[in-house]
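In this note's numbering, the protein residues as written are 38 to 240. We treat Cβ as the ideally placed atom computed from N, Cα and C, and that holds for glycine. Bear in mind that the values here come from a model prediction, so they are computed numbers and not experimental data. Structure record follows, encoded as structure tokens.
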Amino acid sequence: KHKYDFLMSKTSNEIKEVISFSDDDFNILKRLRNSVAHGLNYNTVISGEITKEVQLKDRLLTLLMYFVFHELGFSDTQIAKSLSYTHNPFILNAGGNERARDKLAGTARFITLQEDVDLNDFGAFDYIVVDYELNNRQFTLNKPLSYETKHQWHGSGVSDVRDFVEDKLPKDSNAELEYVNKLYISSGRNEKLYYGVILLTHR
């Protein structure tokens with residue numbers, strides 16, 4: 038436990054949040070290890086299955102992998118990016134904090150809307166449209182266009198949602214259209230992750 042505490046004391050809070058290996062996780066695995074070592078009965082976290090224990094084992098492996106790469110000189114950001122793009126099964130099963138990983142790795146963007154809206158009106162894959170006013174740096178949800186992409190785009194015959202939105206803009210529009218793969222949107226106290234957001238920047 039002393040070695041574990043020492044290593045964790047040298048680990049950044051950002052990485053701790055990304056991997057999400059807690060003291061409770063450590064204690065569960067320690068209890069499992071002690072039970073096996075001493076031939077004692079072990080009661081699994083979820084009765085009758087070892088799903089949680091396997092996940093915690095994978096989370097511990099991810100943490101150990103971080104220690105190795107950190108010792109080799111890789112930065113926390115580089116390691117977070119590696120975790121974001123990996124197809125390694127034990128890392129995928131570890132169930133870390135995706136939001137924290139995206140923030141550290143820079144693999145997603147984060148915005149706050151100027152006005153409060155009900156984020157549940159749109160699903161994560163509804164290709165919503167967000168306006169960004171460059172002069173005052175304010176983000177607003179473009180509800181009319183978002184409803185059109187949600188309800189009309191798929192039956193429009195237009196294959197690319199960007200072309201669909203562009204066709205809906207006024208002819209004299211100076212908006213710059215950008216496709217954002219992954220965007221966390223905050224409104225009031227709520228935050229939601231969206232994929233394939235159309236961002237319209239107005240200069």
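Neighbour-count burial assignment, residue i, 16 or more Cβ in a 10 Å radius
i           : result
residue 96  : buried
residue 209 : exposed
residue 109 : exposed
residue 133 : buried
residue 183 : buried
Simplified DSSP assignment, three categories, for residue i
i           : result
residue 192 : helix
residue 121 : helix
residue 151 : coil
residue 134 : coil
residue 197 : coil
residue 104 : helix
residue 82  : coil
residue 47  : coil
residue 168 : strand
residue 146 : strand
residue 109 : coil
Residue i versus the options, residue with shortest Cα-Cα distance
i           : options            : result
residue 101 : 127, 73, 214, 197  : 127
residue 231 : 192, 142, 203, 187 : 187
Residue i: first and last residue of the uninterrupted beta strand (DSSP E) it sits in
i           : result
residue 223 : 213-224
residue 233 : 227-239
residue 176 : 175-178
Within-7 Å CB hit, residue i to chain B
i          : result
residue 83 : This model lacks chain B altogether; it includes just one protein chain.
Span of the alpha helix (DSSP H), counted from its first residue to its last, around residue i
i           : result
residue 242 : With the chain covering 38 to 240 only, the question about residue 242 has no answer from this structure.
**Asked** Quick check: the stretch 150-163 against the stretch 122-139, are there 3 or more CB pairs under 8 Å?
**Response** In this structure the stretch 150-163 does not touch the stretch 122-139; the number of beta carbon pairs closer than 8 Å is below three.
- Item | the stretch 213-226 in contact with the stretch 133-146 per 3-pair CB rule at 8 Å | Note that the stretch 213-226 touches the stretch 133-146; at least 3 beta-carbon pairs, one per stretch, sit closer than 8 Å.
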